[in-house]
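Notes follow once the structure below has been shown.
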Amino acid sequence: QKIVVAADACDYGIGCVISHRYADSSEKPIAHASRSLTAAEKNYSQIEKEALGIVFAVKKLHKYVFGKKFLLLTDHKPLLAIFGDKKGVPVYSANRLMRWATILLGYDFDIEYINTTKFGQADGLSRLMQKHQVENEDIVIAAVENDVCTLLKKCIRRLPVTVADVESYTKSDPVLRKVISCVKSGKRPKVDQKLAHFQNRRETLSVVGGCLMSGERVVIPPELRSKVLKELHIGHPGIVRMKKLARSYVYWPNIDVDCEDMVRICTNCQEAAKNPTKVPVKTWPSPTRVWQRVHVDFAGPLEGIYYLVVVDAFSKWPEMIEMGNISAGKTVKALKSLFAKYGLPQTIVSDNGTQSTSEQFKTMCDEGGVVHIRTAPYHPQSNGQAERFVDTLKRGIKKLKGEERPTEETNLERGSAGVQDDA
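In this text, residue positions in the sequence shown follow the working numbering: the first is 95, and each later residue adds one.
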């Protein structure tokens, strides 16, 4: 017969029952146990209470299950991901869950979810708690709780605050109070931007002695964060080292940004910082003939109109084509019209706009044997030939705004005429 262990927890107690399951799916109990939660255990989140029930069951029924394959039943589905995979303990689990999962690695079991309505054998025992003192069988659970409390003290011992300070300011902060309430109840809060950071880390959160912890890091209330930042910056570490120190002991939303700002506003750090390495400017190779290399860019909107700008790298001669729209198809059509007039260039230089990265633009270059070079993203200086002309054109038209002119075409022509004359 298959050995089945069922464990459950409520707000004030935990219970378990071990039974044999026969071929006709009937079950006959062998033993059962239950106890009330201690004051500290009542502050656990619901997932931690359910996990505590499982550890309690396995240790209480150790002589029945150790060295044997058995089936473990729970009505808390998230525990399947934490205790079900024997390949390793998930890194996102809270401290207690990680330690309990390590304990359970010593047992051979399969874990299954069962609906609460069909889980009366364990659910009833969890509510039928005992009043007497916890017995010695729970020494493992007590040891884990002691380890977690020691971890909290170890984190805070390195900080300029005390456990009492963190606990006091945590209770007075409305956001942290709400987070602790959600951790204990296991319920997800309503959509709230202030809780979004904690919601994303909900699997790592736990409550230890009135303090909120995220994994092995204590969550620092807002009133104490500046003091903690100053302590982390003693010795004036750089941004990377300061973040590494912070991630070892403390957590709060946007802590990385606060560490970066702390280093950047530190006068001593900035005065002692090394100057950035200066990379020599690399120029384009000089072309040997007209229309060998052309630089392409868009200007506008100028008075609501976009223009395709093509500048020859050898003669600096600019060409401007008015564009109804700047789609890839229209851009290719305009360039083909220009190439029919001057011939195909050897190289085209453009930015990484959708027009120049399109399949149509690639086909045009491949068919004409034209080498297409795209400049580095977010570095328009690489396409300086076209960028300079666009800038000159914009400033020229801006200067002509106060003068009378019959049409906008005249305005554009007058703005670009000087550059074409120089070329």
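Ideal placement from N, C-alpha and C gives every residue a C-beta, glycine not left out.
Drop a sphere of 10 angstroms on the beta-carbon of residue i, count the other beta-carbons inside from all chains shown, and report buried for 16 or more, exposed for fewer.
i                 : result
glutamine 449     : buried
valine 443        : buried
phenylalanine 160 : exposed
tyrosine 343      : buried
serine 275        : exposed
valine 518        : Because residue 518 is not part of the residues shown, which for the chain are 95 to 517, the question remains open.
asparagine 362    : exposed
glutamate 142     : buried
histidine 126     : buried
glutamate 365     : exposed
glutamate 135     : buried
arginine 193      : buried
In terms of residue numbering, what span does the beta strand (DSSP E) encompassing residue i cover?
i                 : result
alanine 175       : No beta strand (DSSP E) contains alanine 175, which is instead part of the alpha helix (DSSP H) from 173-177.
histidine 466     : 465-468
proline 412       : 412-417
phenylalanine 203 : 203-207
glutamine 166     : Sequence inspection shows leucine at residue 166; the glutamine mentioned does not correspond to that position. Segment 164-168, the beta strand (DSSP E) holding leucine 166.
valine 301        : 299-302
In chain order, what residues of the same chain have a beta carbon less than 7 Å from the beta carbon of residue i, not counting five sequence neighbours either side?
i              : result
aspartate 406  : Val384, Trp385, Val388
alanine 428    : Leu402, Ile415, Met417
leucine 306    : Thr264, Leu270, Val273, Ile274, Leu299, Val313
histidine 291  : Pro347
glutamine 454  : Ala422, Gly423, Val426
isoleucine 420 : Phe392, Tyr400, Gln449
glutamine 95   : His114, Arg115, Tyr116
alanine 480    : His389, Val390, Asp391, Val403, Val405
glutamate 231  : With a pLDDT of only 48 at glutamate 231, under the threshold of 50, the placement of this residue in the model should not be trusted; the figure read from the coordinates follows. Closer than 7 Å at the Cβ level, and outside the excluded window around glutamate 231, lie Lys153, Lys154.
What is the DSSP secondary structure of residue i, counted as helix, strand or coil?
i                 : result
cysteine 459      : helix
glycine 280       : coil
arginine 311      : strand
leucine 396       : strand
glycine 109       : strand
threonine 451     : coil
valine 390        : strand
lysine 122        : strand
arginine 335      : helix
alanine 127       : strand
lysine 96         : strand
tyrosine 116      : coil
cysteine 360      : coil
alanine 480       : helix
tyrosine 401      : strand
cysteine 104      : coil
aspartate 286     : coil
tyrosine 472      : coil
aspartate 270     : Per the sequence shown, the amino acid found at residue 270 is leucine instead of aspartate. Helix.
asparagine 306    : Checking the displayed sequence, the identity of residue 306 turns out to be leucine instead of asparagine. Of the three classes helix, strand and coil, the one that applies to leucine 306 here is strand, per DSSP.
valine 344        : strand
glutamate 231     : Confidence is the limiting factor: at glutamate 231 the pLDDT is only 48, short of 50, which leaves the residue's position unreliable and the question unanswerable from this model.
phenylalanine 160 : coil
Does the separation of the CB atoms of residue i and residue j fall below 8 Å?
i              : j                 : result
leucine 246    : glycine 303       : yes
serine 128     : glycine 109       : yes
glycine 178    : isoleucine 205    : yes
aspartate 267  : proline 316       : yes
tyrosine 116   : lysine 171        : no
valine 277     : leucine 299       : yes
glycine 145    : leucine 166       : This sequence places alanine at residue 145; glycine is not what is there. Taking 8 Å as the Cβ cut-off, alanine 145 and leucine 166 do not qualify as a contacting pair.
aspartate 169  : aspartate 102     : yes
tyrosine 400   : phenylalanine 408 : no
leucine 438    : glutamate 413     : no
arginine 468   : aspartate 445     : yes
isoleucine 349 : alanine 340       : yes
So residue i is in the alpha helix (DSSP H); what residue range does that whole segment cover?
i             : result
histidine 291 : 290-294
lysine 321    : 316-326
lysine 427    : 422-436
lysine 153    : 140-154
leucine 199   : Segment: none, leucine 199 is in no alpha helix (DSSP H) and carries neither H nor E.
serine 444    : Run containing serine 444: none in the alpha helix (DSSP H); it sits in the beta strand (DSSP E), 441-444.
serine 262    : 257-266
Suppose the cutoff is 6 Å on Cβ atoms and the five residues either side in sequence are ignored; what does the same chain contact list for residue i look like?
i             : result
proline 123   : Val111, Ser113
tyrosine 345  : Ser308, Arg311, Val313
glutamate 261 : Gly304, Cys305
lysine 321    : Pro254
proline 471   : Asn446
Looking only at its chain, what residues have a beta carbon closer than 8 Å to the beta carbon of residue i, apart from the 5 residues adjacent to it on each side?
i              : result
leucine 323    : Asp352, Cys353, Met356
methionine 336 : Leu326, His327, Cys353, Met356, Val357
leucine 198    : Ile148, Val149, Val152, Phe177
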